[in-house]
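In terms of the working numbering, the sequence shown is residues 6 to 627.
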Amino acid sequence: MDYDELVSQFARELEAACSELGGADNIEHTISIPKPEFGDICTSVAFELAKKAGRNPKLLAEQVAGNLRLAKLFSRVAVVGGYINCTLRDDAFLEEAARILEKGTDYAKHRTIGLTVLIEYPSVNPNKPWHLGHLRNALLGDAMANLFACTGYATVRADYIDDLGLQVAESVWGYRNLGKLPEAGKFDVQLGLQYVEVSKRFESGEIEKEVRQVLGKMEAQDNDISAAARELATKCLLAQYETAFSLGLYHDILIFESDIAKFLVAEGLEIIKSSEFVGHEAEGKNAGCLVLNASLSFPERDPRERKGMVQEKSGQKVLLRSNGTMTYLAKDIIFHLWKFGLLKSRLKFKDFVKQPNGKAVRQSSADGEPQEISADLIINIIGAEQSTHQEAIKEFISLRNPGKTYIHLAYAHARYADGSPESGVQGLESRVWSSEDVKTGLFLGFRPLAFQMLLSEKFSTPAGIDRPMAKSSEAKLPISQKERPPGEIEHAMHARAMREAHSSKGISEDLKTGRPQDPKPETRPTRRFSGREGTWLGYIADDLIAKTEEKIQGIVEGRNLDGLAVHRLAVCSIKYAFLKISPEKELVFSWEDALNFSANSGVYIMYSYARICRLLEKADPN
């Protein structure tokens with residue numbers, strides 16, 4: 006049985022055991038998983054009985070425990086205070102382990118079939134390369150998508166592309182007026198470097214008027230400037246996806262902001278205007294604006310909570326400015342109404358590019374085919390600094406459509422340890438799973454685990470290898486070509502060649518080494534990276550991959566590992582190092598920790614897996 010079945014059976018037995026004591030309501034809600042030292046499952050039902058009877062909960066717990074008839078399931082039942090703690094029999098775990106092996110990847114899929122989850126990540130502006138923060142976003146999104154797909158959800162991996170923002174407008178101006186791009190790395194790096202230069206001119210006021218004119222034409226659409234913006238964003242996106250593909254990260258759909266504006270905004274805006282939770286402000290700094298009023302929309306909340314949810318002290322979030330232009334909040338609300346299938350308007354999609362996994366990622370496009378999206382659950386992987394904005398979207402959606410679930414999986418920033426990739430780990434807070442955790446995990450299954458992590462909007466869990474467990478022959482290194490997924494060989498070699506080709510051709514020392522040379526403390530990004538200021542230089546995701554490969558080459562020198570095997574070990578090391586840290590905690594990356602072959606690292610798991618496979622090969626099957 007899995008965790009849900011265990012809870013159901015335990016609840017039935019508890020109901021019978023409590024019947025002569027007056028009974029209890031909602032017994033399943035009293036069942037939980039205790040700390041490992043107390044057992045595998047527990048109940049606080051005695052406290053519910055004590056409220057009704059006015060008796061000592063500990064005495065009632067002892068009576069309930071004495072009435073339980075679960076000898077076939079539990080090896081021990083103990084009362085601590087008013088709690089009843091139960092320890093499962095070892096053979097129960099063995100039976101569940103056998104069931105997992107029998108069902109394989111279908112183990113957890115029997116309850117959630119028919120539900121759709123849409124996970125949005127990493128939504129990087131299409132005018133610069135991925136840096137460490139973007140990488141953390143992408144890996145979290147991919148991990149969530151893998152978990153939900155494993156449980157049987159129809160999983161939509163979505164990427165939002167803001168091709169109508171000021172950043173892209175600045176890049177369009179630079180691309181059209183500054184001539185040749187800097188010769189440094191992939192196109193996304195080149196464009197990012199030019200963007201830094203353009204931003205300096207924009208901030209000084211030198212070109213602000215011209216850039217604003219470019220932005221106006223982009224928003225008007227159907228002109229040469231808007232076409233150029235889409236083309237530039239697409240070209241940068243293709244370069245960014247070189248990074249994604251090298252990490253084994255794939256998407257189902259890409260949604261361009263220009264298509265949202267063109268095909269969804271009109272209907273969505275009418276829905277917003279007709280909402281009882283918005284209104285026009287008559288006075289004050291928001292006079293003439295259409296606002297989402299906290300005092301109207303969140304009456305059940307404490308005023309202090311409402312104040313924390315909105316940026317303005319007045320308790321309002323502006324949706325439409327007094328000049329009639331929409332804010333990002335209004336646009337995001339409309340986008341999420343579409344995600345939930347709450348708009349009649351539809352976006353059209355067509356193939357964007359064929360990914361190394363053999364599947365085409367589809368992009369929104371005016372000349373595509375209609376594709377209906379209607380998610381039951383939405384998860385946005387977005388930095389913690391946008392929590393207030395995300396909370397406002399969530400509240401609007403939940404007030405209008407209470408049955409829809411919207412989760413903001415917030416994450417903190419990422420950096421190298423002390424600004425130096427050579428330094429050791431300091432203050433990393435990660436958890437090593439014990440045998441007790443593994444035992445409990447057999448009954449948790451994947452579905453409850455995913456919900457525990459996501460519905461609490463925080464989690465701390467080890468990052469498993471991103472492919473199903475292979476047969477023992479697949480653990481041998483170097484891996485033979487016939488065992489590799491379609492397209493993986495070609496793409497991995499292409500990505501590696503691209504990095505090598507750019508590593509010494511017109512690239513600064515920062516880009517070569519993957520970090521700034523002798524970074525000064527005041528210039529190290531300790532909170533967030535800025536594309537405008539160029540603080541991402543030295544923290545590019547591609548450089549992290551290349552540096553990790555280089556270090557692994559040194560470690561395994563003489564072991565006859567081919568380039569793809571080294572690349573896989575590098576990706577595994579990076580994924581585990583990024584995912585083992587709870588999202589709400591700052592991620593401090595060091596190669597000493599990530600490439601530790603002795604404990605708690607991706608390469609340690611791979612090494613242990615290979616050793617286990619060897620043991621199984623030599624074992625007597627009888």
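Just so it is clear, CB atoms sit at the ideal spot from N, CA and C, and this is done for glycine as well.
{"Item": "Bridge partners - His136, DSSP secondary structure assignment", "Value": "Ile545"}
{"Item": "Backbone CA spacing between Asn565 and Asn605 [nearest angstrom]", "Value": "25 Å"}
{"Item": "Ser251 versus Val161: straight-line alpha-carbon distance, rounded", "Value": "20 Å"}
{"Item": "Bridge partner(s) assigned by DSSP for Ala365", "Value": "Lys359"}
{"Item": "Whole-angstrom distance between Val201 and Ser176, CA atom to CA atom", "Value": "9 Å"}
{"Item": "As assigned by DSSP and simplified to three states, the class of Asp337", "Value": "helix"}
{"Item": "Classification of Asp625 by the beta-carbon crowding that lies within 10 angstroms, buried from 16 upward", "Value": "exposed"}
{"Item": "Contacting residues, own chain, Cβ-Cβ under 6 Å from Arg81 (five flanking each side not counted)", "Value": "Thr92"}
{"Item": "Runs of beta strand (DSSP E) lying entirely within the segment 64 to 105, each at least 3 residues, in chain order", "Value": "79 to 85, 88 to 93"}
{"Item": "Cβ shell of Arg94 (< 8 Å), same chain only, five flanking positions each side left out", "Value": "Lys77, Leu78, Phe79, Ser80"}
{"Item": "Given Thr121 as reference, the closest of Ala238, Ile383, His413 once Cα atoms are compared", "Value": "Ile383"}
{"Item": "Beta-carbon spacing of Tyr22, Asn72 below 9 Å", "Value": "One detail in the question is off: residue 22 reads as Ala in this sequence, not Tyr. Yes. Within cutoff."}
{"Item": "Alpha carbon of Leu347 to alpha carbon of His572, nearest angstrom", "Value": "43 Å"}
{"Item": "Spatial distance of Asn362 from Ile118 (CA atoms)", "Value": "23 Å"}
{"Item": "Supposed close pair Ala66, Gly87 - CB separation, criterion 8 Å", "Value": "5 Å"}
{"Item": "Outcome for Pro127 when other beta-carbon atoms lying within 10 angstroms are tallied against a minimum of 16", "Value": "buried"}
{"Item": "Nearest-angstrom Cα separation, counted from Tyr416 out to Ile586", "Value": "10 Å"}
{"Item": "Whole-number beta carbon distance between Ile386 and Gly414, since they are thought to touch under 8 Å", "Value": "Here the sequence assigns Leu to residue 414, which means Gly is not the residue at that position. Yes, they are in contact, since the Cβ atoms of Leu414 and Ile386 sit about 5 Å apart, within 8 Å."}
{"Item": "Three-state secondary structure (DSSP) of Cys577", "Value": "helix"}
{"Item": "Whole-angstrom distance between Val203 and Thr330, CA atom to CA atom", "Value": "25 Å"}
{"Item": "Cβ pair Leu342, Gly273 closer than 9 Å", "Value": "yes"}
{"Item": "Beta-carbon spacing of Ile212, Met223 below 9 Å", "Value": "no"}
{"Item": "Neighbourhood of Ile617 by C-beta distance below 6 Å, restricted to the same chain and skipping five residues each side", "Value": "none"}
{"Item": "Which of helix, strand or coil DSSP assigns to Arg420", "Value": "strand"}
{"Item": "Touching by the beta-carbon criterion (3+ pairs, under 8 Å), the segment 397 to 408 and the segment 272 to 291", "Value": "yes"}
{"Item": "Collapsed DSSP secondary structure at Tyr165 in the structure displayed", "Value": "strand"}
{"Item": "Span separating the alpha-carbon of Asp567 from that of Lys114", "Value": "36 Å"}
{"Item": "Three-pair Cβ contact test at 8 Å for the segment 241 to 256 versus the segment 127 to 139", "Value": "yes"}
{"Item": "Distance between Leu64 and Met149 (C-alpha atoms, nearest Å)", "Value": "44 Å"}
{"Item": "Of the listed residues Ala174, Thr48, Gln360, Ala371, nearest to Lys353 (C-alpha basis)", "Value": "Ala371"}
{"Item": "Of the residues Lys56, Ala55, Thr48, Ala58, the one placed nearest Ala70, counting alpha carbons only", "Value": "Thr48"}
{"Item": "Assigned exposure category for Leu54 - 16 Cβ within 10 Å defines buried", "Value": "buried"}
{"Item": "Residue environment, Val443, which counts as buried when at least 16 other CB atoms sit within 10 Å", "Value": "In this predicted model, Val443 has a pLDDT of only 36, less than 50, meaning its place in the structure is not dependable; the value taken from the coordinates is given anyway. With fewer than 16 Cβ atoms within 10 Å of its Cβ, Val443 is classed as exposed."}
{"Item": "Val194 beta carbon less than 9 Å from that of Ala419", "Value": "no"}
{"Item": "Distance between Ile412 and Tyr158 (C-alpha atoms, nearest Å)", "Value": "16 Å"}
{"Item": "The alpha helix (DSSP H) enclosing Phe594, as first and last residue numbers", "Value": "Element bounds for Phe594: not the alpha helix (DSSP H) but the beta strand (DSSP E), 592 to 594."}
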